[in-house]
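Numbering (UniProt numbering), first residue to last: 1 to 107. For every residue, glycine included, the Cβ atom is placed at its ideal position computed from N, Cα and C. Note that the structure is a prediction, hence the values are computed from the model and not measured. Down below is the structure, laid out as structure tokens.
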Amino acid sequence: MQPKDTTSNTAYMGFTNSACPFMPCHPGVEREFNCLFCYCPLSALECPGPYKVFVDRNGVKRKDCTACTLPHNGYKRAWNFIQRWLERPVFWKGCEQDPERVKNAAD
Ligand code: SF4
Numbered sequence: 001m002q003p004k005d006t007t008s009n010t011a012y013m014g015f016t017n018s019a020c021p022f023m024p025c026h027p028g029v030e031r032e033f034n035c036l037f038c039y040c041p042l043s044a045l046e047c048p049g050p051y052k053v054f055v056d057r058n059g060v061k062r063k064d065c066t067a068c069t070l071p072h073n074g075y076k077r078a079w080n081f082i083q084r085w086l087e088r089p090v091f092w093k094g095c096e097q098d099p100e101r102v103k104n105a106a107d
């Protein structure tokens, strides 16, 4: 096994599960569809995605990430995006998304 920082093989950065019955689950993905982050590692953290907030049957605020393509848009691109946001994780407190943050994520 090679440490990931010393290999040129990028297969760990993503994959596409074409057999998934939910495909395409997030409309608007332009690059390879990355299924590695199907359960987004940022779901309990602050993030720049265009999520909506809803309250589940247990009264807990959750993110509806249907409109977000950030963890799915390309293998390398999505991998780098997730790594960058995990460097300094901040727990999400259930707030609505700030449209300015979403706008800046797309820049
Ligand atoms: S909005 Fe996007 S980046 Fe944020 S938690 Fe949801 S899927 Fe992940």
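Helix, strand or coil: how does DSSP classify V102 here? Taking the first residue of the sequence shown as position 1, residue 102 is located at position 102. Correct three-state label for V102: helix.
Quick check on the contact list: which residues have their beta carbon closer than 6 Å to a heavy atom of the ligand SF4? C40, L42, S43, C47, G49, Y51, K63, C65, C68, L70, P71
Give me the residue from Y51, N34, P89 with the minimum Cα distance to E61. As a first step, residue 61 must be located in the sequence shown, where it is residue number 61. It is worth fixing the name first, because residue 61 is Lys in this sequence and not Glu. Per the Cα distances, Y51.
Applying the criterion that 16 or more other CB atoms from any shown protein chain within 10 Å of the CB defines a buried residue, is C20 buried or exposed? The sequence position of residue 20 within the sequence shown is 20, counting from 1. Under this definition C20 is an exposed residue.
Taking the C-alpha atoms as reference points, what is the distance between D64 and E96? Translated into positions along the sequence shown, residue 64 becomes position 64. Translated into positions along the sequence shown, residue 96 becomes position 96. Roughly 11 Å separates the two Cα atoms.
Answer yes or no: do F37 and G14 have a C-beta to C-beta separation smaller than 9 Å? Residue 37 sits at position 37 when you count from the first residue of the sequence shown. Residue 14 sits at position 14 when you count from the first residue of the sequence shown. Yes. Within cutoff.
Report yes if the CB atom of E30 is closer than 9 Å to the CB atom of T69, and no otherwise. Here residue 30 is taken as the residue at index 30 of the sequence shown, counted from 1. Here residue 69 is taken as the residue at index 69 of the sequence shown, counted from 1. In this structure, T69 lies closer than 9 Å to E30 by Cβ.
Could you give the residue range of the beta strand (DSSP E) that holds F54? The count along the sequence shown starts at 1 and reaches residue 54 at position 54. 52 to 55 is the span of the beta strand (DSSP E), which, as asked, contains F54.
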